[in-house]
Amino acid sequence: MIYVIACVAAIAGLLFGYDEGIIAGALAPLHAQFRIAPLEEGLMTASVPLGALAGAVAGGWLAAPWGRRRLLLAAGVLFICGALVCATAPSILVISLGRLLLGLAIGLAAMIAPLYISETAPAAQRGMLVSIYQLAITL
1 MIYVIACVAA
11 IAGLLFGYDE
21 GIIAGALAPL
31 HAQFRIAPLE
41 EGLMTASVPL
51 GALAGAVAGG
61 WLAAPWGRRR
71 LLLAAGVLFI
81 CGALVCATAP
91 SILVISLGRL
101 LLGLAIGLAA
111 MIAPLYISET
121 APAAQRGMLV
131 SIYQLAITL
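Per our numbering, residue 1 is the first one in the sequence shown, and the count goes up by one each step.
Right, dumping it as structure tokens:
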């Protein structure tokens, strides 16, 4: 059961890695559709790490009062909302806002998922199971 918990929590890492990797391939079609200025491209690209910074800080403060599972669920909801905003965005500003939501989710998940895995894993397997999250980022 602990392997299932670790793999489900590691999905957050997979989403993080996917989101970071996909923007490079998405820029060309976005340039064709929206005629993006360099400042807009920078804003769109930087919105994920800025959101992740805020999400990680918030995750640190909220981990004890809200609990790890609730925060992982909140990160999942933010991932879904951010993806929906990006998918239906009529402009680069809206895409940037959607990516900011994705960044919040990434920051929350990056703070909470390894912590949750380490707290639920037996001591003998803790290092291996926590590294599943890090591995998922690179997949």
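Glycine included, each C-beta is placed from N, C-alpha and C at the ideal position.
(request) Compute the Euclidean distance between the alpha carbons of residue 81 and residue 74, then round it to the nearest angstrom. (result) Locating residue 81 in the sequence shown gives position 81, where the first residue counts as 1. Locating residue 74 in the sequence shown gives position 74, where the first residue counts as 1. Using only the alpha carbons, I get a separation of about 10 Å.
(message) Since residue 50 and residue 101 should fall inside the 8 Å C-beta cutoff, what is the C-beta to C-beta distance between them, to a whole number of angstroms?
(response) The sequence position of residue 50 within the sequence shown is 50, counting from 1. The sequence position of residue 101 within the sequence shown is 101, counting from 1. No, residue 50 and residue 101 are not in contact; Cβ-Cβ is about 11 Å, not under 8 Å.
(request) Would you mind reading off the limits of the alpha helix (DSSP H) that contains residue 33? (result) The count along the sequence shown starts at 1 and reaches residue 33 at position 33. Here the alpha helix (DSSP H) through residue 33 covers 2-34.
(request) List in chain order: all unbroken alpha helix (DSSP H) runs of 4+ residues lying wholly within the segment 27-104. (result) 38-66 and 68-87
(message) Out of 96, 121, 109 and 123, which one is the CA nearest neighbour of residue 39?
(response) As a first step, residue 39 must be located in the sequence shown, where it is residue number 39. If we check each option's Cα against that of residue 39, 96 comes out closest.
(request) Using 10 angstroms around the beta-carbon of residue 127, count the other beta-carbons present and answer buried if the total reaches 16, otherwise exposed. (result) Within the sequence shown, the letter at position 127 stands for residue 127. Exposed, since its Cβ has fewer than 16 Cβ neighbours within 10 Å.
(request) Give me the Cα-Cα distance between residue 5 and residue 129, rounded to the nearest whole angstrom. (result) As a first step, residue 5 must be located in the sequence shown, where it is residue number 5. As a first step, residue 129 must be located in the sequence shown, where it is residue number 129. Cα to Cα, the separation comes out at about 9 Å.
(request) State buried or exposed for residue 112, treating a residue as buried only when at least 16 other CB atoms are found within 10 Å of its CB. (result) Here residue 112 refers to the residue found at position 112 of the sequence shown. So residue 112 ends up on the buried side.
(message) With the cut-off set at 8 Å, would you say residue 136 and residue 10 are in Cβ contact?
(response) Residue numbering aside, residue 136 sits at position 136 when the sequence shown is read from its first letter. Residue numbering aside, residue 10 sits at position 10 when the sequence shown is read from its first letter. Between residue 136 and residue 10, the CB-CB gap stays under 8 Å.
(message) Please list the terminal residues of the continuous alpha helix (DSSP H) segment that includes residue 164.
(response) Beyond the ends of the chain as shown, which are 1 and 139, falls residue 164; an answer cannot be given.
(message) Distance check for residue 28 and residue 77, CA to CA, integer angstroms please.
(response) Stepping through the sequence shown from its first residue, residue 77 is reached at position 77. Stepping through the sequence shown from its first residue, residue 28 is reached at position 28. Cα-Cα distance, rounded: 28 Å.
(message) Using C-beta distances below 7 Å, list every residue in its chain close to residue 92, excluding the 5 sequence neighbours before and after it, in chain order.
(response) For the purposes of this step, residue 92 is taken as residue 92 along the sequence shown, with counting starting at 1. Take residue 92, set aside five residues on each side of it, and the residues of its chain with a beta-carbon closer than 7 Å to its own are 34, 36, 40 and 44, in chain order.
(message) Is it buried or exposed, residue 8, if we count other Cβ atoms within 10 angstroms and call 16 or more buried?
(response) Start at 1 with the first residue of the sequence shown, and residue 8 comes out as number 8. It counts as exposed.
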